[in-house]
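In my numbering, the protein residues as written are 53 to 474.
First the structure, in the form of structure tokens, and then the observations on it.
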């Protein structure tokens, strides 16, 4: 996240949003110029500076809390011993009572199309590159795919997304995907859903991607953003018999414990919910468990999910369809941003907030949102769910005016059939 993930990408996405405004909406906001120049290299350097500052902050916290750090590659020898090959070429052994495995995951490659860092790349290569290609195909229309498409597209790259399922962001509510797809069409980002890739081949000029229907597309570069593989190889798991799941992740219980006493695992190496804030929450549970403190297991489905393209997409819990398939009778409340004063002032009227509630008991089962700054609205919803509040209680909570969060209040009123402003 910090070095090659969510932090540098969000810095670049903010640059891309500014680039979009200056290129396409300057007149709307009263700006006029004829010498606009977009410099990706400067934007990229800024992203590295943001990342570097936070890295130094973490290093400071380690020193402040008297935590020893070893820069190198570690392997488990036994449940109380680690062998570390240090980056300076030396080696050392560390003795410990407990081991927490947090080795993350790496981008999954397509068979026969291994990453080369130049023409076939992962998001890691993309985030670390200070140069842009003219034409790029992105395989995978999930979070990484749509964020990179927005980022690159606003800096003049000819981007095409290939998504195997029916929508961009296929794990989100289809209504949110529809709004995003309309925005991307307007932006000029091409995408093909229901597109199964059969072959990736290098050409003299760049790369050729062939689909199952026989269509062939060419580009300078292809980024594969389809999934991740847990980093479990060559870290000594076999030396102590740590069990893996069928998908190759480390198998853990609600308290992050593996099948080996004293060995725990957190983050991408141990869960399919590969989000930094979830890994952090897992880390807190491990620390409390080892310290013998009371802790609270995670309900992963009810944790927040965020995508930082424009418009932003945010959700937690069940979609309307998922809740119905689980047998819930649901009440749904919607509120469009075109009726929200702050959104109109920002010039970002596309999108909506949708709250799904259990009709019988009033439990908030989930929410799906697409629009301006909706990722910032997630904490109110997840806290409400965690504390067993209902939509009625969110609706009665006074929200400042004018704010984007008022749309959340209005959607809660709509669940109760008491919406005023729509």
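Idealized CB from N, CA, C, for every residue including glycine.
Taking the Cβ atoms as the reference, residue 456 lies roughly 16 angstroms from residue 465, outside the contact range of under 8 angstroms. Per DSSP, reduced to three states, the secondary structure at residue 394 is helical.
Straight-line spacing of the CA atoms in residue 415 and residue 409 works out to 6 angstroms. The three-state secondary structure of residue 83, taken from DSSP, is coil. Residue 332 counts as exposed, since fewer than 16 other C-beta atoms from the protein chains shown sit within 10 angstroms of its C-beta. For residue 112, the enclosing alpha helix (DSSP H) stretches over residues 92 to 116. A Cβ-Cβ contact shorter than 8 angstroms links residue 276 with residue 192.
Annotation: residue 373 to residue 108 spans about 44 angstroms, alpha carbon to alpha carbon.
When DSSP reads this structure, residue 127 sits in a beta bridge with 135. With 16 or more other Cβ atoms inside 10 Å of its own Cβ, residue 190 counts as buried. Only residues of its own chain outside the window of five on either side were considered, and among them 424 have a CB closer than 7 angstroms to the CB of residue 398, listed in chain order. Going by DSSP, residue 330 is part of the alpha helix (DSSP H) stretching over 328 to 343.
In terms of Cα proximity to residue 364, the closest of 55, 143, 432 and 66 is 66. In the three-state DSSP reduction, residue 298 falls in the coil class, being neither helix nor strand. Looking only at 92, 76 and 78, the smallest Cα-Cα distance to residue 209 is reached by 92. DSSP places residue 255 outside both helix and strand once states are collapsed to three, so it counts as coil. As a beta-bridge residue in DSSP terms, residue 405 pairs with 387 and 421.
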